[in-house]
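Novice: Here you go, one structure.
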Amino acid sequence: AFNSALTSTAAAAGESSLVPIRFAVDQRTNSIIASGSRSDLDVVEVLLLRLDQSDVEARRTEVYRLKNAPAADVANAISTFLNTQRQLVQQQLLLAQAVSPFEQIDREVIVVAEPVTNSLIISATPRYFDQIQGVVDDLDYRLKMVMVQVIVAQVELSDGHEMGVEFGLQDSLLADRGLVLGTNVTQSQIASGETLAGLAASALGVGRTSATFGYGGMVLSAANESVNVIIRALQDE
Numbered sequence: 001a002f003n004s005a006l007t008s009t010a011a012a013a014g015e016s017s018l019v020p021i022r023f024a025v026d027q028r029t030n031s032i033i034a035s036g037s038r039s040d041l042d043v044v045e046v047l048l049l050r051l052d053q054s055d056v057e058a059r060r061t062e063v064y065r066l067k068n069a070p071a072a073d074v075a076n077a078i079s080t081f082l083n084t085q086r087q088l089v090q091q092q093l094l095l096a097q098a099v100s101p102f103e104q105i106d107r108e109v110i111v112v113a114e115p116v117t118n119s120l121i122i123s124a125t126p127r128y129f130d131q132i133q134g135v136v137d138d139l140d141y142r143l144k145m146v147m148v149q150v151i152v153a154q155v156e157l158s159d160g161h162e163m164g165v166e167f168g169l170q171d172s173l174l175a176d177r178g179l180v181l182g183t184n185v186t187q188s189q190i191a192s193g194e195t196l197a198g199l200a201a202s203a204l205g206v207g208r209t210s211a212t213f214g215y216g217g218m219v220l221s222a223a224n225e226s227v228n229v230i231i232r233a234l235q236d237e
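Numbering (the UniProt record's numbering), first residue to last: 1 to 237.
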């Protein structure tokens with residue numbers, strides 16, 4: 001590679017390479033020793049500096065935390081994509097198309113899922129890191145969500161049946177000899193003979209409204225100075 005580059009440079013400059021160029025390797029100091037003409041050594045210096053750049057094999061490694069998509073699913077999708085891309089490169093090699101080993105190493109991308117924090121560990125060269133990061137951003141898309149509201153209520157159903165009849169009879173002259181008869185399912189106190197005179201327009205002991213349901217149902221009442229009658233019937237389901 002050096003000889004080809006030097007021959008092309010010398011031919012372009014119109015020089016004849018009278019002094020052959022030679023190389024030696026010092027493994028202890030990881031150095032290359034070159035000897036030759038001044039013009040050849042200038043070309044060698046440029047080539048060595050280019051090949052010895054520190055960012056040629058530099059890799060960028062970062063942890064990327066996903067916000068929406070599961071890390072395992074995204075890692076599997078990217079790995080499948082990279083494997084397919086790697087197969088295309090191998091086909092190019094089989095077809096004798098120029099793909100250097102350096103290019104193959106440069107294309108290698110490592111993606112590992114970390115399920116606890118839902119993160120991806122991405123390692124790639126700077127040339128491909130931004131491309132992989134863009135793919136991850138597109139896959140970490142927030143899907144449309146549906147809001148569901150649920151109201152849980154506990155309802156108790158019970159049947160109710162109430163019926164009461166009460167009669168009051170009294171002589172207007174002999175108030176103490178009044179008679180009160182009645183049947184009351186509400187178990188309230190039935191009016192007595194002494195209080196019948198003041199209950200002419202009241203509900204007697206039956207009551208016009210149910211204490212349980214808050215309404216009376218069917219209520220019939222009639223009264224005069226000697227007789228007071230009230231009938232109430234209620235059925236609730």
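By construction, the Cβ of each residue, glycine as well, lies at the ideal position given by its N, Cα and C atoms.
Comparing alpha-carbon positions, which option in Glu62, Leu51, Val229, Val19 lies nearest Glu166?
Specialist: Here the closest residue by C-alpha is Val229.
Novice: Under the assumption that Ile132 contacts Val109 (Cβ atoms under 8 Å), give the Cβ distance between them as a whole number of angstroms.
Specialist: Contact between Ile132 and Val109 holds, since their C-beta atoms are separated by about 6 Å, short of 8 Å.
Novice: Inspect the CB distances between the stretch 116 to 125 and the stretch 60 to 74 and report whether three or more fall short of 8 Å.
Specialist: yes
Novice: Is the number of C-beta pairs between the stretch 126 to 144 and the stretch 73 to 83 that are closer than 8 Å three or more?
Specialist: yes
Novice: Rounded to whole angstroms, what's the CA-CA distance from Gln235 to Gly160? Just pull it up for me.
Specialist: 6 Å
Novice: Can you name, in chain order, every residue of its own chain whose Cβ lies under 8 Å from the Cβ of Ala11, other than the five neighbours on each side?
Specialist: Note on Ala11: pLDDT 47, under 50, position unreliable in the model; no value is reported.
Novice: Would Gly164 and Val227 be called neighbours here (beta carbons separated by less than 8 Å)?
Specialist: Not closer than 8 Å, so no.
Novice: Give me the Cβ distance between Asp40 and Ile21, rounded to the nearest whole Å; I'm assuming they're in contact under 8 Å.
Specialist: Rounded, the Cβ-Cβ distance is 5 Å, consistent with contact.
Novice: Could you tell me which whole beta strand (DSSP E) segments of length 3 or greater appear in the UniProt domain "NolW-like" (61 to 140)?
Specialist: If only complete runs of 3 or more residues are kept, the UniProt domain "NolW-like" (61 to 140) shows the beta strand (DSSP E) at 110 to 114, 119 to 124, in order along the chain.
Novice: Could you give the residue range of the beta strand (DSSP E) that holds Arg50?
Specialist: From DSSP, Arg50 is part of no beta strand (DSSP E) but of the alpha helix (DSSP H) over 38 to 51.
Novice: Specify the secondary structure class of Ile33 as computed by DSSP and reduced to three states.
Specialist: strand
Novice: Alpha carbon to alpha carbon, how far is Glu103 from Asn30?
Specialist: 24 Å
Novice: Looking only at its chain, what residues have a beta carbon closer than 7 Å to the beta carbon of Ala222, apart from the 5 residues adjacent to it on each side?
Specialist: Val229
Novice: State the DSSP-derived secondary structure class of Gln235, mapped to helix, strand or coil.
Specialist: strand
Novice: Can you look up Gln187 in the DSSP assignment and give me helix, strand or coil?
Specialist: Any answer about Gln187 is weak, because its pLDDT of 43 lies below 50 and its placement is not dependable; what the coordinates show is given next. It is coil, neither helix nor strand.
Novice: Return the first residue and the last residue of the beta strand (DSSP E) that Leu220 is part of.
Specialist: 218 to 223
Novice: Can the beta-carbon of Asp106 be found closer than 8 Å to that of Arg86?
Specialist: no
Novice: Val25 lies in the beta strand (DSSP E); which residues open and close that run?
Specialist: Note, Val25: beta strand (DSSP E), 22 to 26.
Novice: Check whether the Cβ atoms of Arg59 and Ala124 lie closer than 8 Å to each other.
Specialist: yes
Novice: Taking 8 Å as the threshold (C-beta atoms), are Glu156 and Ser210 in contact?
Specialist: No, they are not a contact pair.
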